[in-house]
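Trainee: Going line by line, the protein sequences match chains R and L. For the first sequence, counting from 1, position 286 maps to 286 in full-length UniProt numbering; every step adds exactly one. For the second sequence, counting from 1, position 20 maps to 20 in full-length UniProt numbering; every step adds exactly one. We treat Cβ as the ideally placed atom computed from N, Cα and C, and that holds for glycine. The structure that follows is given in the form of structure tokens.
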Amino acid sequence: MEQHTVRRSAFRWPGLVAFLIIVALIAAFSWLLLDTILKWSLERTLGTLNGAEVNIERVDHQWVPLTIEVSGVQMTDPLQPDFNRVAIGELRGELNWEQLLLGRFHFEQVVSTGIRVHTPRESTGEVYQLPSKEQMGGWLGEGMERIQLSMPSVDEVMERVDLRTPTAVAEAKESFGEQKERVQDVLSKLPSKETIAAYETEVKQLTESEIETPAQLRDKQQQFAELKEKFAEDRQAIEEFKEVVGGAVDELKTQMEKVKAAPKRDLDRVRELMQLNSDGLSEITAVLFGDQARRWADYMLLAYEQLAPMLKRSADETAVQPPRGEGIWFSFTGSDAPPDFLIKKARTEFAIGPTVLDVNWENITHQHEQLGQPTTFRARGENNALWSSLQLNGEMALTATGFDARQEWRVQGVNLVRTKLSERSELAATILSALLDSEGNVALRDSQFDGNATLRLADMVIEASAENQWAAVIAQALESLQRLDINADIKGALMDPDFSLSSDLDRQLGQALQAAAMDAAEGELTQLRQRLTSEADGFVGDYQDDLSELTNLLGDAENREARLQEMLEMKLQNQLEDKVKDKLKGILGNN
Amino acid sequence: MLTLLARLLRALNSESGAWALAIAFVLGMIMGFTPLWRVHNLVILLIALLFRVNLSGFILSFVICSGLAFLLDPLFHQVGFAILSAEGWQPVWQAMYDSAFWRVVQFHHTITLGSLVISLAFAPILAIVSFWLVSQYRRRIQTWFNKLRIVQALKANRFWAIYSNLRG
């Protein structure tokens, strides 16, 4: 039997139908789920760029013109996962079809409204890339604990200080003892009053006795000469005594003066040592105004702190796509090719309290060198509820060496109402009302900030309360402030800027705190003064009599010396000779 | 899965061409190794459905190779990375990058390019080996296999019922 085999066609036409059905199903699913797919993709990509969880409430699309609308974007702050770095109410952008087919995301116009920074999250956001410890322990947040106010007690100071009063008293007592011994030694050699009186009697007898003969005269002269030798010896003893006692009196007077002066010197020294230990006091402006200044800086540096890191990461393929398991998307963009991502124009509305600030952007991209132009931004706002005038201009570009950018701002007449400076229990301070003017500029070169700003607060009314005495002094000083000029220096890396705030407040508060510290210690100092004075006065009282006695002794000695001197200077021979002559004249005359 | 195996066994025992089975294995391998949501996979699917390629072999090959791909992804990435980084090829890649068609193909993704290149390089080998195995099975093993006691026993269970139904 002949077999007939029919060669089947190589094509399976029903398969083509099946293929078309499959493609149609895929297209239908993509169409229906496009918004969800876009939402997931955006959350994932933005989350990677942000380094922390990003939530999007809703995504809508429109084909002609190709438009994407995103609502309720919350970008977790990796440093504070309980807060959003930025929250965006609505975002709408038109995509260029032609560029999209070439894999480029070129938005002609993007409008973003309801942008707020540092808003609390409903739940803690997941952090994908932990910030470094340096970033977490930044320049703020430590607050009042940085100001360590403490003053040593009087007892503590007494342990450290070498009190002069007891030493002076002890030295004076020792000196008194030594001088007394020396005086006692020479006192025994001092001719007594009786001796002096006996001398005088003998001299009187010699001068007043009758001399009959020259032989008697010679005897008298002999006796007087012997007496004069004694006078000389005694006078020598008196001079020696006077020298010792005089020295003792001078020494003791000096010691006494030292003892009298010692309490005052000790008190001055104690006061000196009782200076307020005020570590961190010079940072009081940063501590009190730091948090709030940081909030203001968040707005002022928004372009850098929010957008720059995301653009930087978007330029880093390895950061966007982890290599393992997911692969890497290579970019072969030529140096003159259009950037992969570009927002030509954008208008962003920042919600600041009840006011909205419009910021106009141009050329947002991470490939500025390809574009040949920097990203520019400009904000203007006048006569609204929060400020009377605001001008902010800036530009930035991502280059091979990092970020280059500059920004200037001037804001006047900002109405601050119930602005909390510190909510800590130890010191709570709120600006009830104030007018703020600020101007400044900041440049970013190779991802390093360099800039300065001034913040002038006028017509300030501050409400402050405190727990301890030192904080109370700060609170009191704050409440008395009406105007304050703060200087801010901005340095450091892009993601870790270092703000240093300084003002005259530091000096004012330092003086107030020091005065308060001394007032607080005055009670104890008074007790110390009384104790030292009492010690010194006691010594003076006890030894004043001894000093007087020595002074009297010195007077006596001088008196005795004078009497001896008088006797020494007597011309006995002449007197006796005169007497003998008179006698002889009488005898001869009678004859 | 049992149905799929049964269909494959039926195809092996049928008059389907050995090349049809071998090509099905190759197409399934390419689709399994490369990331699923790529344009070239639509082309492979179109080939598999439009031409008389054995669909059971295609699907089975796709399932097995998709599982293997998870293990081989690092290798695909390394190969793709090396190719895309090759200095001499940069002008080609740049030209392709500027083309909408090639951008849609997503050639610039390391795993996509690496897995496609490895799959295509392995495709002739797999095709020849598959053809030889199918031929050898039909020539030597099929009769002997059917006479095995265990096969006889299996014919009594559910698997055989499915197989028979397919036949019927």
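Counting only Cβ pairs nearer than 8 Å, list the residues of chain R close to Trp19/L.
Mentor: Within 8 Å Cβ-Cβ: nothing; Trp19/L doesn't reach chain R, min ~11 Å.
Trainee: Would you say His40/L faces chain R, with C-beta separation under 9 Å as the test?
Mentor: Not closer than 9 Å to any Cβ of chain R, the Cβ of His40/L fails to qualify, so no.
Trainee: Of all the CB atoms in chain L, is at least one closer than 9 Å to the CB of Leu16/R?
Mentor: Yes, Leu16/R lies at the interface with chain L (some Cβ there is under 9 Å from its Cβ).
Trainee: Note down the Cα distance separating residue 596/R from Tyr199/R, rounded to an integer number of angstroms.
Mentor: Since the displayed chain R opens at 1 and closes at 591, residue 596/R lies outside it and no answer follows.
Trainee: Please report the distance separating the alpha-carbon of Val461/R from that of Val414/R.
Mentor: Using only the alpha carbons, I get a separation of about 14 Å.
Trainee: Closer than 9 Å by beta-carbon distance: list the chain R residues that pair up with Trp93/L, in chain order.
Mentor: Phe330, Phe332, listed in chain order.
Trainee: Whose C-beta lies closer than 6 Å to the C-beta of Gly381/R among residues of the same chain, with five residues either side of it excluded?
Mentor: So the qualifying residues of the chain are Leu357, Leu390.
Trainee: Tell me the DSSP bridge mates of Met31/L?
Mentor: DSSP lists no partner for Met31/L.
Trainee: Return the Cβ separation of Gln205/R and Ala248/R in integer angstroms, given the expectation that the two are a contact with Cβ distance under 8 Å.
Mentor: The Cβ separation is near 37 Å, so there is no contact.
Trainee: In chain R, what lies closer than 9 Å to Tyr97/L by C-beta?
Mentor: By Cβ distance, chain R contributes Leu102, Gly103, Phe330, Ser331, Phe332, Thr333, Gly334, Ala337.
Trainee: Which chain L residues sit within Cβ distance under 8 Å of Ala10/R?
Mentor: Ordered by position in chain L, the residues that pass the 8 Å Cβ test against Ala10/R are Phe51, Arg52.
Trainee: Counting contacts by CB-CB distance shorter than 9 Å, is Gln90/L in contact with chain R?
Mentor: Taking Cβ atoms only, chain R reaches closer than 9 Å to Gln90/L, which makes this a yes.
Trainee: Counting only Cβ pairs nearer than 8 Å, list the residues of chain L close to Phe29/R.
Mentor: Those do not exist, as Phe29/R stays about 11 Å from chain L at its closest Cβ, beyond 8 Å.
Trainee: Along chain R, in chain order, which residues have C-beta atoms closer than 8 Å to that of Arg103/L?
Mentor: Ordered by position in chain R, the residues that pass the 8 Å Cβ test against Arg103/L are Leu101, Leu102, Gly103.
Trainee: Tell me, please, which residues DSSP counts as bridged to Glu90/R.
Mentor: Its beta-bridge partners are Ser71/R, Thr113/R.
Trainee: Glu326/R CB to nearest chain L CB: under 9 Å?
Mentor: Judged by the 9 Å Cβ criterion, Glu326/R is in contact with chain L.
Trainee: Where does Ala82/L sit, in a helix, a strand or coil, going by DSSP?
Mentor: Three-state DSSP puts Ala82/L in a helix.
Trainee: Could you list which residues in chain L have their beta carbon closer than 9 Å to that of Val23/R, in chain order?
Mentor: The contacting residues are Leu42, Leu45, Leu46.
Trainee: Would you call Ile21/R buried or exposed, if buried means 16 or more other Cβ atoms sit within 10 Å of its Cβ?
Mentor: Label assigned to Ile21/R: exposed.
Trainee: Between Ala557/R and Val245/R, how many whole angstroms is the CB-CB distance? I'm expecting something under 8 Å.
Mentor: Between Val245/R and Ala557/R the Cβ distance is about 7 Å, and since that is below 8 Å, they are a contact.
Trainee: Using C-beta distances below 6 Å, list every residue in its chain close to Glu57/R, excluding the 5 sequence neighbours before and after it, in chain order.
Mentor: Here the set comprises Ser71, Gly72.
Trainee: For Ala434/R and Ser480/R, what's the separation of their Cα atoms in angstroms?
Mentor: Computed Cα separation, rounded: 13 Å.
Trainee: Chain R beta carbons: is any one of them nearer than 9 Å to that of Ile59/L?
Mentor: No, because no Cβ of chain R sits closer than 9 Å to the Cβ of Ile59/L.
Trainee: Mind reading off the beta-carbon distance from Leu27/L to Phe58/L? Whole number of angstroms is fine, and I expect it under 8 Å.
Mentor: That belief holds up - the Cβ atoms of Leu27/L and Phe58/L are roughly 6 Å apart, short of 8 Å.
Trainee: Can you have a look at Pro120/R and say buried or exposed, based on whether 16 or more other CB atoms are within 10 angstroms of its CB?
Mentor: Pro120/R is exposed by the Cβ-count criterion.
Trainee: With distance defined between alpha-carbon atoms, name the residue in Arg44/R, His61/R, Gly327/R nearest to Phe107/L.
Mentor: If we check each option's Cα against that of Phe107/L, Gly327/R comes out closest.
Trainee: Can you give me the start and stop residues for the beta strand (DSSP E) that His61/R sits inside?
Mentor: Unbroken beta strand (DSSP E) run through His61/R: 54 to 62.
Trainee: Report the CB separation of Leu513/R from Ile486/R in whole angstroms; it is logged as a contact under 8 Å.
Mentor: Not confirmed; about 19 Å, so no contact.
Trainee: Does DSSP put Glu122/R in a helix, a strand or coil?
Mentor: Coil, per DSSP.
Trainee: Could you list which residues in chain L have their beta carbon closer than 9 Å to that of Phe19/R, in chain order?
Mentor: Near Phe19/R (Cβ distances below 9 Å), the residues of chain L are Leu42, Leu45, Leu46, Ala48, Leu49, Leu50.
Trainee: What would DSSP say about Ser331/R, mapped onto helix, strand or coil?
Mentor: Coil, per DSSP.
Trainee: Lys242/R and Leu554/R - do their beta-carbons sit closer together than 9 Å?
Mentor: Contact: yes.
Trainee: For the structure I just gave you, are there three or more beta carbon pairs, one from the region 339 to 354 of chain R and one from the region 101 to 116 of chain R, closer than 8 Å?
Mentor: The answer is yes - the region 101 to 116 of chain R touches the region 339 to 354 of chain R, with three or more Cβ pairs under 8 Å.
Trainee: For Gln370/R and Pro338/R, I'd like the C-alpha separation in whole angstroms.
Mentor: Looking at the two C-alpha atoms, the distance is approximately 6 Å.
Trainee: Taking only beta-carbon positions, decide if Gly67/L is within less than 9 Å of chain R.
Mentor: False, the Cβ-Cβ gap to chain R never drops below 9 Å.
Trainee: Using DSSP bridges, identify the partner residues of Val411/R.
Mentor: In DSSP, Val411/R forms a bridge with Leu390/R, Ser438/R.
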